[in-house]
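For reference, the structure discussed in these notes is given below.
Quick look at the structure:
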C-alpha cells in the first residue's frame with residue numbers, strides 16, 4: 001500500500017489549527033502528521049485528508065451528517081473511530097479548528113496512554 005503524503009499547504013493548515021495546549025504533541029507518522037494529547041491521537045493527516053477522533057455519539061452523528069465527511073485513512077482499511085473532515089473546509093481554518101478543538105476535548109478525557117515496554121535485544 002502506497003501511503004499518500006500531505007502537501008505543504010495541508011501541513012501548514014494542520015499545524016496552524018492544532019492548539020498549543022498542555023499535553024498536546026504533533027509528531028510525524030508514516031510521512032504524515034499526528035496530533036496527540038497524553039499519548040492518544042486526536043487528529044491527523046493522511047495525504048491531503050484531515051481526520052479527527054471523536055468519542056461522543058452526539059458529536060460523531062453531528063459531524064457525519066455534514067456533507068463531505070467520510071472515512072479517514074487508507075481506503076481499503078480506514079481508521080476506526082476517526083472521521084475525515086470535508087476537503088472544502090481547507091479554505092475555512094476556523095471550521096477545521098473548531099472540530100479539532102472538539103476532538104481534543106473529547107480525547108483529552110481518556111487516561112494517558114502508557115508507553116509499550118521495549119523489547120530486549122537478544
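In the working numbering, the protein residues as written are 1 to 122. Even glycine gets a Cβ: it sits at the ideal position worked out from N, Cα and C. As the structure is a computational prediction, the values presented were derived from the model and not from experiment.
Query raised in the report: Once you ignore the five residues that flank residue 52 on each side, which residues in its own chain have a CB closer than 7 angstroms to its CB?
Result: 42, 43, 82, 83, 85, 99, 100 and 103
**Report entry** Boundaries (first-last residue) of the alpha helix (DSSP H) holding residue 28
**Finding:** Unbroken run through residue 28 is the beta strand (DSSP E), 24 to 29; no alpha helix (DSSP H).
Report task. Examine chain B for any beta-carbon lying closer than 8 angstroms to the beta-carbon of residue 17, and answer yes or no. Result -> The chain labelled as chain B is not found in the depicted structure, where only one protein chain is given.
Requested in this report: Assuming residue 108 contacts residue 38 (C-beta within less than 8 angstroms), just tell me the rounded distance between them.
Outcome: 7 angstroms
Query raised in the report: What residue from 46, 79, 14 and 3 has the CA that sits closest to residue 95's CA?
Result: 14
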